[in-house]
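Take a look at the structure below.
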Amino acid sequence: MEKQSVPVHLDQVTKIFRDPKTKSDVHAVRDARLEISGGELVTLLGPSGCGKTTMLRMIGGFELPTRGTIHIGGEDVTYLPPNTRATATVFQSYGLFPHLDVFENVAYGLKVRKVSKEEIGFRVMEALGLVGLSDLARRSPGRLSGGQQQRVALARSLVVRPQVLLLDEPLSNLDALLREQMRVEIRRIQKSLGITAIYVTHDRVEAMSLSDRVVVMKAGVIRQVGTPSAIYERPDSKFVAGFVGKVAFFPVEVQSTDGAITCVLAGATVRAGSMAPDVTVGSKALLMARPESLRLGNPGEGACDGTVATNVYLGSSVESFVTTEYGEILVQIDDPSESRVKPEGAKVSIAFDEARVRILPEAEE
Amino acid sequence: MPVFTKKKLFAFIAACAVFLIIDLWMFSALRTSYEKSVLGDKKELVVALARSAPVEAGTVEAWLAEAKKAHPGLRLLHVQGIPGAEETKESSLDPELKAVWDQRQGEPAFKSGVEAASYLEVFLLPDTVRLGTSRSLVMFAPVPNKEGDTAVGILLAAVDESILSSFVNLTYALSAIAFLLFALGFGIATFSRDPITGYAILVLFAIVLTFVAYPLFEALRLTFVHEGRFSFAVWRDILTNKQYLGALVGSVKLGALTATLSTIMGFLFAFFVARTSLKGKKLVTALATLPVISPPFSLTLSIILLFGNNGLITKRLLGLEHFSIYGLGGLGLVQTISMFPIAFLTLAGVLEAIDSTLEDASLDLNASRWQTFTRVTLPLAAPGLLSSWLLVFTNSLADFANPLLLSGSFRVLSVESYIEVTGMNRLGNGAALSILLLLPTLTAFFVQRAWVAKKSFVVVTGKPSMRLSDLANRPTRLFLLAFVVLSSAFIVALYGTIVAGCFVKNWGIDYTFTTANIVEALQRGKAALVSTMTLAGIATPIAGFVAMIGAVLVVRKRFPGKRILEALMMTPFAVPGTLVGISYILAFNKPPLLLVGTGAILVICYVIRELPVGLEGGVATLRQIDPSIEEAASDLGADQATVFRTIILPLIRPAFISSMSYTFVRSMTAVSAIIFLISARWYHITIQIYNFSENIRFGLASVLATALIIIVLAVFGLMRVVVRKSEHLEKTVTIQ
Chain L
508 MEKQSVPVHL DQVTKIFRDP KTKSDVHAVR DARLEISGGE LVTLLGPSGC
558 GKTTMLRMIG GFELPTRGTI HIGGEDVTYL PPNTRATATV FQSYGLFPHL
608 DVFENVAYGL KVRKVSKEEI GFRVMEALGL VGLSDLARRS PGRLSGGQQQ
658 RVALARSLVV RPQVLLLDEP LSNLDALLRE QMRVEIRRIQ KSLGITAIYV
708 THDRVEAMSL SDRVVVMKAG VIRQVGTPSA IYERPDSKFV AGFVGKVAFF
758 PVEVQSTDGA ITCVLAGATV RAGSMAPDVT VGSKALLMAR PESLRLGNPG
808 EGACDGTVAT NVYLGSSVES FVTTEYGEIL VQIDDPSESR VKPEGAKVSI
858 AFDEARVRIL PEAEE
Chain W
23 MPVFTKKKLF AFIAACAVFL IIDLWMFSAL RTSYEKSVLG DKKELVVALA
73 RSAPVEAGTV EAWLAEAKKA HPGLRLLHVQ GIPGAEETKE SSLDPELKAV
123 WDQRQGEPAF KSGVEAASYL EVFLLPDTVR LGTSRSLVMF APVPNKEGDT
173 AVGILLAAVD ESILSSFVNL TYALSAIAFL LFALGFGIAT FSRDPITGYA
223 ILVLFAIVLT FVAYPLFEAL RLTFVHEGRF SFAVWRDILT NKQYLGALVG
273 SVKLGALTAT LSTIMGFLFA FFVARTSLKG KKLVTALATL PVISPPFSLT
323 LSIILLFGNN GLITKRLLGL EHFSIYGLGG LGLVQTISMF PIAFLTLAGV
373 LEAIDSTLED ASLDLNASRW QTFTRVTLPL AAPGLLSSWL LVFTNSLADF
423 ANPLLLSGSF RVLSVESYIE VTGMNRLGNG AALSILLLLP TLTAFFVQRA
473 WVAKKSFVVV TGKPSMRLSD LANRPTRLFL LAFVVLSSAF IVALYGTIVA
523 GCFVKNWGID YTFTTANIVE ALQRGKAALV STMTLAGIAT PIAGFVAMIG
573 AVLVVRKRFP GKRILEALMM TPFAVPGTLV GISYILAFNK PPLLLVGTGA
623 ILVICYVIRE LPVGLEGGVA TLRQIDPSIE EAASDLGADQ ATVFRTIILP
673 LIRPAFISSM SYTFVRSMTA VSAIIFLISA RWYHITIQIY NFSENIRFGL
723 ASVLATALII IVLAVFGLMR VVVRKSEHLE KTVTIQ
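Below, the structure is given as structure tokens:
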């Protein structure tokens, strides 16, 4: 299949639903602006009800935006019906046609496009080969496993050579092992075809491991867009920091931002590696630290003191839960040995890897 | 979901304007040509009349009276002599026209009329003239002498202008409708992103507005019109006349009796099937559902054969002379047997849904079986009992076929309204009576909605209990068994009687075996049978498609007016057949939809009446189908029509097929609405059965009833086979 990479642009897209019970307007998506380059895989990540699926459905044409425009490959598709858009969707529940077998399912999109019979046969088998289901072409979808159904749905979407592939939580109905396998599979196929893909998920591991860029959403608003590492290491808000990984927060006051970034934590001056854009000098802020940037030491040595509550042994690492005045803080101890892990009940202090901690604005709107 | 842009809006307005101009031009041309031809006809008539006018004085009055009799629409004034030139003498039977002549003969327009007539030409006044309450067209025609070369008088003829205006109004209405349809259709094509759905909505709206809302409105309107004016006279008559009130009371009495008996019988049958471990449940279920699909008149017929004046049991076996099956008792019996299946099906569903572990728990807590039954089972089934009572009640009220044959001197509303319309030709009263029938039905419907729905305790656990604790003790079980067996035997005997009736020479008098009935009945009933099957066959696919498209719109689409459309599509469910029939003859016996007497009106009636059931079935099936299946299809490039054809229809095939077979059977066995709409050309088999019965040709009626039963059973059997084939679908549809 030839490569085709088209960009997708969302401009000021807003979707307002009317709640029939309360008769009030609900903003499912609010002023979303997003530029996706050709061939990129972007995930929409957020808790349920954050508007990520609505946004995907607007790109697919199943919902109309209340305001704003959507462009695919430079063409305004905002009001086009789904059947005239160059998108193909893999649904959460797959939406396989139960009265057609696997081959007919995959062939459906080609048939309605009036593709010749020989070409249908060729392209369907090519697509089934791509997802590794060539042997099951004559099976009814009701007699396939969940993972196989998922592959049929994927093949059915890919066979029509869409410009944009939309995936709506495609792996949520699979078990953990299969999910990991399919994740790799989807990424491989997407890269080999060079197709633009938009992927909706609430699973942060899935988002991190799969995407070129992650769009974190909350309550209909895009909170941050960035590469997985940027989102994880340099979040701009408490919500994003907390949603994409385990994190500890310490209340601080920002001291200086030119040159070295410093802040005051419980009277002591602490240096931080970076800070979010809307942090100002002298304001109250949060110091954010990931478990792997924290170290345990003897009491008094670090930034704050506490008591080890529980140790959880994970093989390659140990997670130490330390009770402090800022609440329970998780410290990840890599390469654990007897000497590094403090016993439960021991008095300890927590120190930061200063280059890796970040200052975030305190206010959470 | 419409999409408006300036460009589209401009194109739309321009197209509408162009269409409007063409539309108006076409219809005004049509109007002018019509006016010309109508006026031409009238002119010829008046000229011919004037030629026949007597020249001698004294005979004019008699001639005028004769002309008035022959042409009641014409108002004439005869002028002897030409005014202005000689002495004149006017004579007319119409004082209003005379007054106008006296008053206005000096006016220039009248003078030109006189002048034209004096030159032997006919003249039409350019303006209409007010005569009494309405306006008239006035013509001047010359009365020639015997030789025909000189005018010796003038004949003034006035025609009510309504001969033109009614047609003019019709052309205006038609051009407005044409424009509206164009604007809606073009608007949908321009603005909607899903025009196919838009057209489907438009067509369905047009169907239900024309064939549900409009006729009912016409029927309601007629009850408020008396001698051309708004009045409560009809309702005053209905609500004070003892005869009508008696019919209302009779209907309610019969309904209550039938509902009570049917619910008791249905409950016993349902308890037997759902709550005991007795054998023969399948057979009992099949027998108990048989009356539901049996054609009308068949049970009545066999009751008459067995218990009528010359009945096998009453006369032959018991020798009773003064026993009469006609009336409340006989009706209650027939209706109970025909309608207890409704109660049975409702209650069997309810009882089966009650988790029997609740009963086990009660028994486990040391309650006796009787206590368990009265304190657990019965309260849980109570909403079901009420809803089955209400269902049977409304069915009994709407029933027309059984009372038609069996009511005797007992009066019920449905038959009363039929007699008012066909016997007395009082359409207003008939409409009012059948509207009256709607009231208890609607009340029952709302009670059902408001109370039963809220009080429903039935919990569907989805886990079928394997073993049932037998709630009934030995004597109870014996009683149940005896009741079920005896009732079933009675039902079988009733059907057997109909079959037996086919082969008996003259029931009640001469019981010798014969096959003559079959030959005669099929010969005389053939035309009706063929026309019924043809029309039902035409109606069946239409009803199926309309119902399924309606279901898709109701379940899957969002559009303004959806609630109204849904309500209108469901309305025929609550409307008794007699009201449908009466409202159809009111609405479709005049232009622009002159349908009475055609086969089309029967087809439309079948489709509309069975729409709600098909719709419900389609909606229920569609709700179980994951919407992302259809979204996937449209995402892959299929438009809405393709999605419907290739995805939705195959998936809701069971509902589609059962809706179609249901429509076919119900159309074949329809009576109440159809009896108003049949014509000599398009007769109906059930009415033929009724006519044979009325003429005491029970043998012939039995043959046709048996034939109908065989057709019905065959269709249902066929449907079972076809639906079973697609059963695998139902399982896979809901995987996700």
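If you read the protein sequences in the order shown, they are chains L and W. This note's numbering numbers the first residue of the first sequence as 508 and each following residue consecutively. This note's numbering numbers the first residue of the second sequence as 23 and each following residue consecutively. Glycine residues also receive a C-beta, built at the ideal position from the N, C-alpha and C atoms.
Distance, residue j Cα to residue i Cα
i	j	result
Leu373 of chain W	Thr498 of chain W	18 Å
Val174 of chain W	Glu118 of chain W	24 Å
Thr483 of chain W	Asp377 of chain W	With a pLDDT of 44 at Thr483 of chain W, under the threshold of 50, the modelled position of that residue is not reliable, and no figure is offered here.
Thr550 of chain L	Gly556 of chain L	16 Å
Gly749 of chain L	Ile768 of chain L	22 Å
Val751 of chain L	Met724 of chain L	11 Å
Pro486 of chain W	Ala403 of chain W	Confidence at Pro486 of chain W is low in this model, with a pLDDT of 45, below 50, so its placement is unreliable and no value can be given for it.
Val481 of chain W	Gln545 of chain W	With a pLDDT of 47 at Val481 of chain W, under the threshold of 50, the modelled position of this residue cannot be trusted; read the value that follows with caution. If you take the alpha carbons of Val481 of chain W and Gln545 of chain W, they lie about 55 Å apart.
Phe32 of chain W	Phe26 of chain W	10 Å
Gly619 of chain W	Ile700 of chain W	7 Å
Leu557 of chain W	Leu726 of chain W	18 Å
Pro669 of chain L	Pro588 of chain L	15 Å
Pro605 of chain L	Met565 of chain L	26 Å
Thr817 of chain L	Phe757 of chain L	20 Å
Ile586 of chain W	Tyr706 of chain L	39 Å
Lys458 of chain L	Gln688 of chain L	Because chain L is modelled from 508 through 872, residue 458 of chain L falls outside the range shown and cannot be assessed.
Cβ-based burial, residue i [other Cβ within 10 Å; buried from 16]
i	result
Met690 of chain W	buried
Glu88 of chain W	exposed
Thr172 of chain W	exposed
His100 of chain W	buried
Lys28 of chain W	exposed
Val306 of chain W	buried
Tyr820 of chain L	exposed
Asp216 of chain W	buried
Ala862 of chain L	exposed
Glu108 of chain W	exposed
Thr776 of chain L	exposed
Gln519 of chain L	exposed
Phe859 of chain L	buried
Residues that DSSP places opposite residue i in a beta bridge
i	result
Leu722 of chain W	Its beta-bridge partners do not exist; DSSP assigns none.
Asn528 of chain W	W:Asp532
Ser324 of chain W	Partner(s): none; Ser324 of chain W has no beta bridge.
Phe768 of chain W	Nothing about residue 768 of chain W can be reported from this structure: the residues present for chain W run from 23 to 758 only.
Ser824 of chain L	L:Asp841
Leu98 of chain W	W:Ala179
Distance cut-off 8 Å: residue i Cβ against heavy atoms of the ligand ZN
i	result
Thr591 of chain L	Ligands are entirely absent from the displayed structure, and the ligand ZN is therefore not among its contents.
Interface positions of the region 628-650 of chain L facing chain W (Cβ-Cβ less than 9 Å), listed along the chain: Within the region 628-650 of chain L, the qualifying residues are Ser647, Pro648, Gly649 and Arg650.
Along the region 597-616 of chain W, what residues have a CB closer than 9 Å to any CB found in chain L? none
Taking a cut of 9 Å between CB atoms, which residues from the region 653-682 of chain W lie near chain L? Glu653, Ala654, Ala655, Ser656, Asp657, Leu658, Gly659, Ala660, Asp661, Gln662, Thr664, Val665, Thr668, Ile669, Pro672, Leu673 and Arg675
How about the region 582-593 of chain L and the region 728-739 of chain L: do they share at least three Cβ pairs that are nearer than 8 Å? With a cut-off of 8 Å, the region 728-739 of chain L and the region 582-593 of chain L do not count as touching, because too few Cβ pairs lie within range.
Closer than 8 Å, Cβ to Cβ, to anything on chain L: give me those residues from the region 184-216 of chain W, in chain order. Arg215 and Asp216
Cβ contact check for the region 629-648 of chain W and the region 259-267 of chain W: 3 or more pairs under 8 Å: no
Could you list the residues in the region 691-707 of chain L with a C-beta less than 7 Å from some C-beta on chain W, going in chain order? none
Going along the chain, which residues of the region 574-593 of chain L sit with their C-beta nearer than 9 Å to a C-beta in chain W? Contact annotation: in the region 574-593 of chain L, residues whose CB is within less than 9 Å of a CB in chain W are Thr585, Tyr586, Leu587, Pro588, Pro589, Asn590, Thr591 and Arg592.
Got a sec: which bits of the region 350-366 of chain W sit with their beta carbon under 9 Å from any beta carbon on chain L, in order along the chain? none
Contact the region 607-616 of chain W vs the region 230-239 of chain W: 3+ CB pairs below 8 Å: yes
Closer than 8 Å, Cβ to any Cβ of chain W: which residues of the region 597-621 of chain L, in chain order? Phe598, Gln599, Ser600, Tyr601, Gly602, Leu603, Phe604, Pro605, His606, Tyr615, Gly616, Val619 and Arg620
If you measure beta-carbon to beta-carbon, which residues of the region 639-653 of chain W are closer than 7 Å to chain L? Asp648, Ser650, Ile651 and Glu653
Against chain W, which members of the region 667-690 of chain L pass a CB distance test of less than 8 Å? Val667 and Asn680
Three or more C-beta pairs under 8 Å: does that hold for the region 51-65 of chain W against the region 189-203 of chain W? Yes, the region 51-65 of chain W is in contact with the region 189-203 of chain W.
Using a Cβ distance threshold of 8 Å, determine whether the region 633-642 of chain L contacts the region 676-687 of chain L, with at least three qualifying pairs required. Verdict: no, contact absent.
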